[in-house]
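S.K.: Before I ask anything, here is the structure I am working with.
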C-alpha cells in the first residue's frame, strides 16, 4: 500500500506559510468623530462591521462574526453590558491581529471596553491599534495577500 503522507525534505514543512488579506488604514479621528457626526452615527456601525470583516479576512484563525457584532450594538445596545463585552472581544481580536503581524501587542481589551465611557473614544483607540497592523505591511493595498508572522 502506498504511503499517503507528503514527502518533505528534513527541516522543511509541508504546510504553506500562513497568510491573510491586508486591512484598510483609516483615520482614527475621522472614524471616531468626523464621519459619525456627518452620518448621524450610521458610519460608526458600518465601521464596526467592516473592521470585524477585515479582521476575519486578515487572520482566518479568528472566528469573528461581523454581522453578529453589529447586531449586538443595534439590538442589545440598551443593555450596556452586551456592547461592553463586544468591545472587549474586539480588543482581543485586535491584539491577536497585532500578534499575527509579528508586532508587540499594545491593544488592551480592557481599554477597548472602558474607553467607551469617555465620549466613545474607544473607537479612536481601536482604530489607532488597527492602524499599527496595517503599518506592519508598508505598501500593501487593502485586500492584498500578506504573510502572517505568528
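Numbering (the working numbering), first residue to last: 1317 to 1466.
Virtual Cβ for every residue (Gly too), placed ideally from N, Cα, C.
Source: prediction; values computed, not measured.
Determine the DSSP secondary structure at residue 1344, reduced to helix, strand or coil.
M.R.: Correct three-state label for residue 1344: helix.
S.K.: Should residue 1378 and residue 1409 be called a contact, given that it needs their Cβ atoms to be closer than 8 Å?
M.R.: Against a cut-off of 8 Å, the Cβ pair of residue 1409 and residue 1378 comes out as a contact.
S.K.: Can you tell me whether residue 1347 is buried or exposed, with buried defined as 16 or more other CB within 10 angstroms of its CB?
M.R.: Burial call: buried.
S.K.: With a threshold of 8 Å, are at least 3 pairs of Cβ atoms found where one atom belongs to the stretch 1437 to 1456 and the other to the stretch 1334 to 1344?
M.R.: Result yes; three or more Cβ-Cβ pairs closer than 8 Å.
S.K.: If we call anything under 8 Å between Cβ atoms a contact, is residue 1351 one with residue 1359?
M.R.: Yes, Cβ-Cβ distance for residue 1351 and residue 1359 is below 8 Å.
S.K.: In terms of alpha-carbon separation, which member of 1394, 1383, 1416 and 1385 lies closest to residue 1448?
M.R.: With distances taken between Cα atoms, residue 1448 lies closest to 1416.
S.K.: Roughly how many whole angstroms lie between the Cα atoms of residue 1446 and residue 1366?
M.R.: Near 12 Å, if we compare the C-alpha coordinates of residue 1366 and residue 1446.
S.K.: At 3 residues or longer, what runs of the beta strand (DSSP E) sit wholly inside the stretch 1359 to 1390?
M.R.: Runs of the beta strand (DSSP E) inside the stretch 1359 to 1390: none found.
S.K.: Under three-state DSSP, which class holds residue 1329?
M.R.: At residue 1329 the pLDDT is 49, less than 50, meaning the model places this residue with poor confidence and gives no usable figure here.
S.K.: Would you list the residues sitting across from residue 1461 in a DSSP beta bridge?
M.R.: Its beta-bridge partners are 1337.
S.K.: Using the beta-carbon count (16 or more within 10 Å), is residue 1376 buried or exposed?
M.R.: The residue is exposed, with fewer than 16 neighbouring Cβ atoms inside 10 Å.
S.K.: Helix, strand or coil for residue 1420 per DSSP?
M.R.: Coil, per DSSP.
S.K.: Which class does residue 1395 belong to by DSSP, given the choice of helix, strand or coil?
M.R.: Reduced to three states, the DSSP call for residue 1395 is helix.
S.K.: Within 8 Å, do at least three Cβ pairs link the stretch 1427 to 1439 to the stretch 1380 to 1388?
M.R.: No: the two stretches stay apart, fewer than three of their Cβ pairs being nearer than 8 Å.
S.K.: So, using beta-carbon positions, are residue 1443 and residue 1382 closer together than 8 Å?
M.R.: No, the pair does not count as a contact, with Cβ atoms beyond the cut-off.
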